[in-house]
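Q: Just passing along the structure, written as structure tokens.
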């Protein structure tokens, strides 16, 4: 499968954690998932402006799918304008990030910042304190897939990232 085809499929199937209702938690539906295939149309969910409590700079979250009883992971497409980033945070069930455009940054607590490019995939295990966002000069969009606990939580937000970090 060509990378561009994979990216197109991935964009319709997955992205970032916290924006289904209040950008802090995703609720897990306990309703049974339909036994028939479903197509979720691109753009069928409204975009959400990411809240300043959890993000620095301009960030837009486009929900792709919520967690449900069969697949307990939410997906969101997240676009960071130049210089925008998350605050420090962890995920109780881990998170995959796949950069789909632009140039991004990713850092784990106590480790150096790493640059990310389209096609790069990051697996962040449960409980690892980290942040991610765009470089100071280039926007970045990534697909984030975050596991969700039985209680519906998929992220624990922490303090803001300092410019020195």
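Numbering (mature numbering (1 follows the signal peptide of the UniProt record, and there is no 0)), first residue to last: -23 to -1, 1 to 142. Glycine included, every Cβ here is placed at the ideal spot set by N, Cα and C. Note that the structure is predicted; figures quoted are calculated from it, not measured.
What separation, rounded to the nearest whole angstrom, lies between the Cα atoms of residue 97 and residue 12?
A: Their Cα atoms are separated by approximately 33 angstroms.
Q: To the nearest angstrom, report how far apart residue 39 and residue 121 are at their CA atoms.
A: 10 angstroms
Q: Between the stretch 91 to 105 and the stretch 52 to 60, do three or more beta carbon pairs fall short of 8 angstroms?
A: no
Q: Which of the three DSSP states, helix, strand or coil, is assigned to residue 154?
A: The question about residue 154 has no answer, for the chain in this structure spans -23 to 142.
Q: Nearest CA to the CA of residue 46: which residue from 139, 127 and 131?
A: 127
Q: Please state whether the Cβ-Cβ distance between residue 99 and residue 82 is less than 8 angstroms.
A: no
Q: Can you list, in chain order, the residues of its chain whose CB lies under 8 angstroms from that of residue 66, leaving out five sequence neighbours each side?
A: 31, 106, 107, 108, 132, 133, 134 and 135
Q: Quick one: give me the first and last residue of the beta strand (DSSP E) that residue 131 is part of.
A: That residue, residue 131, is in no beta strand (DSSP E); it is neither H nor E in DSSP.
Q: Quick test of your reading: residue 71 and residue 124, contact by CB under 8 angstroms. State the CB separation rounded to the nearest angstrom.
A: Under the criterion of beta carbons closer than 8 angstroms, residue 71 and residue 124 qualify as touching, at roughly 5 angstroms.
Q: Of all the options 117, 113 and 42, which has the alpha carbon lying nearest to the alpha carbon of residue 22?
A: 42
Q: To the nearest angstrom, how far is it from the Cα of residue -17 to the Cα of residue 103?
A: Interpretation of residue -17 is limited by its pLDDT of 37, a score under 50 that renders its predicted location unreliable; the figure taken from the coordinates is listed afterwards. Cα to Cα, the separation comes out at about 25 angstroms.
Q: The beta strand (DSSP E) with residue 53 in it runs from where to where?
A: Boundaries of the beta strand (DSSP E) around residue 53: 50 to 57.
Q: What distance in whole Å lies between the Cβ atoms of residue 37 and residue 24, which are believed to be in contact at a cut-off of 8 angstroms?
A: 5 angstroms
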